[in-house]
Amino acid sequence: MGIGRVMALDVGKVRIGVAMTDGLGITAQPLLTVWRKGRGEDLRSLARLVRKHAVVEVVVGNPLHLSGDEMPWGVKVREFAGELQAKVECPVTLWDERLSTTAAHEILDEAGYGTDRKGIIDQVAAVVILEGWMAAKERAAARGEE
Numbered sequence: 001m002g003i004g005r006v007m008a009l010d011v012g013k014v015r016i017g018v019a020m021t022d023g024l025g026i027t028a029q030p031l032l033t034v035w036r037k038g039r040g041e042d043l044r045s046l047a048r049l050v051r052k053h054a055v056v057e058v059v060v061g062n063p064l065h066l067s068g069d070e071m072p073w074g075v076k077v078r079e080f081a082g083e084l085q086a087k088v089e090c091p092v093t094l095w096d097e098r099l100s101t102t103a104a105h106e107i108l109d110e111a112g113y114g115t116d117r118k119g120i121i122d123q124v125a126a127v128v129i130l131e132g133w134m135a136a137k138e139r140a141a142a143r144g145e146e
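Sequential numbering from 1 applies to the sequence shown in UniProt numbering.
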């Protein structure tokens with residue numbers, strides 16, 4: 001992993017979960033939930049976070065069916081990622097988010113978290129997305145592909 005923070009987004013219709021690595025790119029932590037107010041304001045808020053935290057890459061969860069086919073929401077997420085790319089100076093990468101919300105619910109279940117998860121579930125899903133991206137980067141580096 002390189003030096004610098006990587007941000008992950010779990011983009012939903014109502015909320016966007018945000019997670020971030022530490023400065024060394026070793027761990028992923030939940031950061032916050034953006035309650036959507038409109039495409040323009042959402043993009044400005046995320047671009048401000050990218051600048052504030054000196055983010056070197058943004059990883060956006062790409063919603064896919066288990067078969068690998070794109071879900072209908074995936075078109076909107078892809079468009080959103082493209083619009084975010086135009087507002088930030090770092091790469092914006094789409095990343096497979098299959099089962100990230102399911103995994104997030106399992107993590108919260110194991111932690112004994114209650115049923116009111118609206119404020120945290122998207123952040124934890126973003127952590128799951130980011131951890132998957134980080135693991136793939138580590139595997140690629142181990143194979144000498146990076």
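By construction, the Cβ of each residue, glycine as well, lies at the ideal position given by its N, Cα and C atoms.
The model shown is predicted, which means the values in this text are computed figures rather than measured ones.
Simplified DSSP state of residue i, which is helix, strand or coil
{"i": "Ile-16", "result": "strand"}
{"i": "Met-134", "result": "helix"}
{"i": "Ala-81", "result": "helix"}
{"i": "Glu-110", "result": "helix"}
{"i": "Arg-36", "result": "coil"}
Check whether residue i and residue j have beta carbons under 9 Å apart
{"i": "Arg-5", "j": "Thr-21", "result": "yes"}
{"i": "Ala-142", "j": "Pro-30", "result": "no"}
{"i": "Ala-47", "j": "Val-18", "result": "no"}
Alpha helix (DSSP H) segment containing residue i, residue limits
{"i": "Asp-22", "result": "No alpha helix (DSSP H) contains Asp-22, which DSSP labels as neither H nor E."}
{"i": "Glu-41", "result": "39-52"}
Residue burial classification, residue i (beta-carbon count within 10 angstroms, cutoff 16)
{"i": "Gly-68", "result": "exposed"}
{"i": "Leu-66", "result": "exposed"}
Residue from the options with nearest C-alpha to residue i
{"i": "Ala-28", "options": "Arg-44, Val-58, Met-71, Gly-38", "result": "Val-58"}
{"i": "Val-11", "options": "Ala-136, Gln-85, Gly-74", "result": "Gly-74"}
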